[in-house]
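Asks: The numbering of the sequence shown is this note's numbering, which starts it at 14 and goes up by one.
Cβ atoms here follow ideal geometry from the backbone N, Cα and C, with glycine treated the same way.
Below are the structure tokens for one structure; questions will follow.
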Amino acid sequence: MKAQETVVAAITKCKKMATHFHHSTTAQDELANIQKRFNQKPLKIIQEYATTWNSTFYMLERILQVKESLCLYVSTNNKISQLTSEEWMIIEKLIGLLRPFEEVTKELSAADVSISSVIPLIATLEKIVNDLDSSDEHIGDTIT
Numbered sequence: 014m015k016a017q018e019t020v021v022a023a024i025t026k027c028k029k030m031a032t033h034f035h036h037s038t039t040a041q042d043e044l045a046n047i048q049k050r051f052n053q054k055p056l057k058i059i060q061e062y063a064t065t066w067n068s069t070f071y072m073l074e075r076i077l078q079v080k081e082s083l084c085l086y087v088s089t090n091n092k093i094s095q096l097t098s099e100e101w102m103i104i105e106k107l108i109g110l111l112r113p114f115e116e117v118t119k120e121l122s123a124a125d126v127s128i129s130s131v132i133p134l135i136a137t138l139e140k141i142v143n144d145l146d147s148s149d150e151h152i153g154d155t156i157t
């Protein structure tokens, strides 16, 4: 149960970050300026929506993409909390877990998808989940 709470806490922190940037153009501009200083393309934090699971994946993926800039922003701004090294690790593992689901979702949502591809894709996802290292104290315990 502790593992699940840790994962939920990390995602909740990310949601708060996304909401902060979604509601503040000043914060968006500051983050964009930091990204430019790092010679990065300015990317906005993606907002998560409860009705679409993959928006959580996209939010986490974007937060990880702008990690360096985000950490600098948070260090000079007390309106949002810094993610811990453990939370960054959880985010990386969640992205690794969710990416195959996102890819299968895209594949099965295509206009020309064949029904014969459904079972192999589902079997692949099952294998990915079953192959998770059960010793992983965060992700493995959360989904089993």
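(1) Can you check which of these residues, 92, 131, 55, 117, is closest to residue 80 by C-alpha distance?
(2) With DSSP run on the structure shown, which of helix, strand or coil describes residue 18?
(3) By Cβ distance below 7 Å, which residues in the same chain neighbour residue 134 in space, the five residues on each side in sequence not counted?
(4) Check for me: the alpha helix (DSSP H) holding residue 51 runs from which residue to which?
(5) Could you tell me the boundaries of the alpha helix (DSSP H) in which residue 107 lies?
(6) Roughly how many angstroms separate the alpha carbons of residue 41 and residue 87, rounded to a whole number?
(7) With DSSP run on the structure shown, which of helix, strand or coil describes residue 42?
(8) What do you get for residue 31, buried or exposed, if any count of 16 or more other CB atoms within 10 angstroms of its CB means buried?
(9) Residue 62 by DSSP, collapsed to three states: which one?
(10) Are residue 114 and residue 82 touching if we call contact CB-CB under 8 Å?
(11) Please work out which residues of its chain come closer than 8 Å, Cβ to Cβ, to residue 78, disregarding the five sequence neighbours upstream and downstream, and give them in chain order.
(12) Helix, strand or coil for residue 92? Go by DSSP, reduced to three states.
(13) Using the Cα positions of residue 137 and residue 53, report the straight-line distance between them to the nearest angstrom.
Replies: Checking against the coordinates, here is how it stands:
(1) Nearest C-alpha to residue 80: 55.
(2) Residue 18 sits in a helix when the DSSP states are folded into three classes.
(3) Around residue 134, the same chain offers 117, 120, 121 as residues with beta carbons nearer than 7 Å, after the five sequence neighbours per side are excluded.
(4) For residue 51, no alpha helix (DSSP H) encloses it, and the DSSP letter there is neither H nor E.
(5) Annotation: the continuous alpha helix (DSSP H) that includes residue 107 extends over 98-122.
(6) Here the C-alpha atom of residue 41 lies approximately 12 Å from the C-alpha atom of residue 87.
(7) Three-state result, residue 42: helix.
(8) Around the beta-carbon of residue 31, 16 or more other beta-carbon atoms lie within 10 Å, marking it buried.
(9) DSSP places residue 62 in coil when its eight states are reduced to three.
(10) The criterion of a C-beta distance shorter than 8 Å is not satisfied by residue 114 and residue 82.
(11) So the list reads 56, once near-sequence residues are dropped.
(12) DSSP places residue 92 in coil when its eight states are reduced to three.
(13) Taken atom to atom, the span from the alpha-carbon of residue 137 to that of residue 53 is near 35 Å.
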